[in-house]
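Data first, discussion second: the structure below is written as structure tokens.
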Amino acid sequence: MTNPYAAERQISHSVENMAEKDAELGFKKETVSKLLSSSFKEDKTRLSGDAALLMAELLKVFVQEAAVRSQKQAESEDCDQVDIEHFEKILPQLLLDF
Amino acid sequence: MSVDNDETQQRLKAAVHYTVGRLCQRMGEDHRREFSRQVIAAIAETAFRQCDIFAKDLEAFARHAKRSTVSSEDVKLVARRSTALSIYIQNKSEELNEEQRDLKKKNAGKRKSRDTEEESRE
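Protein chains in written order, with the numbering used here: chain A, 1 to 98; chain B, 1 to 122.
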């Protein structure tokens, strides 16, 4: 069973590293807005500008977590490249952590 | 129409896939362990699907607060499961608020100086 506290450390690691190389790489506010809006059940539901920006950040962390955990899995199996099996192994815990 | 909707969804998926690809590329370079195309596609697909879950949660939270507009408070709730993530989102939210306060001050300052200019001309 995966150590639940490991997840905390991992996400913490991810957000710390982001401060260093934030750059401009990330999800666009408009894309996130359209993406989320398309899943709203009611027509009247809107997304504030700030909420869209924050969700863009959240998504970015999500992707980075998925990526870094897959890399660590590949590393633990002595593989040079991150392959689908590595991603599949970390996916359940990733979804539980979010 | 469902056809338009499919097209929109495809375009959104493509946009997500693009950003995921760029993020994975950089992380691959940083950690010297690159991602197969299949993994990038899988991460993109997962992120896309996760958005559906996030959106429904956000809508439910807003509705619970008797609002029809999803706010940053709702986003903070969505990020509640991980302490580190929660703190990160809270900090980003505060950053955004500070930026907006600074902008307001700047604009108020501009208006004041314009007013005093007009006064002195009169």
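Ideal Cβ positions, reconstructed from N, Cα and C, are used throughout, including at glycine.
### Query
In the DSSP assignment, what are the bridge partners of Leu-47(A)?
Val-70(B)
### Query
Which of the three DSSP states, helix, strand or coil, is assigned to Phe-35(B)?
strand
### Task
Could you list which residues in chain B have their beta carbon closer than 9 angstroms to that of Asp-50(A), in chain order?
Ser-71, Ser-72, Val-75, Ser-93, Leu-96, Asn-97 and Gln-100
### Message
Quick check: is the beta carbon of Asp-114(A) nearer than 9 angstroms to any beta carbon in chain B?
### Response
The structure shown does not extend to residue 114(A), since chain A spans only 1 to 98, so no value can be given for it.
### Residues of its chain near Glu-65(A), where Cβ-Cβ distance is below 7 angstroms and the 5 sequence neighbours each way are ignored
Gln-10, Ile-11, Ser-14 and Leu-94
### Message
Run through chain B and tell me which residues come within less than 8 angstroms of Gln-64(A), C-beta to C-beta.
### Response
Leu-23 and Met-27
#### Entry: Proximity to Asp-78(A) [Cα-Cα], best of Ser-86(B), Arg-33(B) and Arg-63(B)
Arg-33(B)
### Start-end ranges of the beta strand (DSSP E) lying completely within the region 48–107 of chain B, minimum 3 residues
none
### For Val-82(A), the residue or residues it bridges with in DSSP
Phe-35(B)
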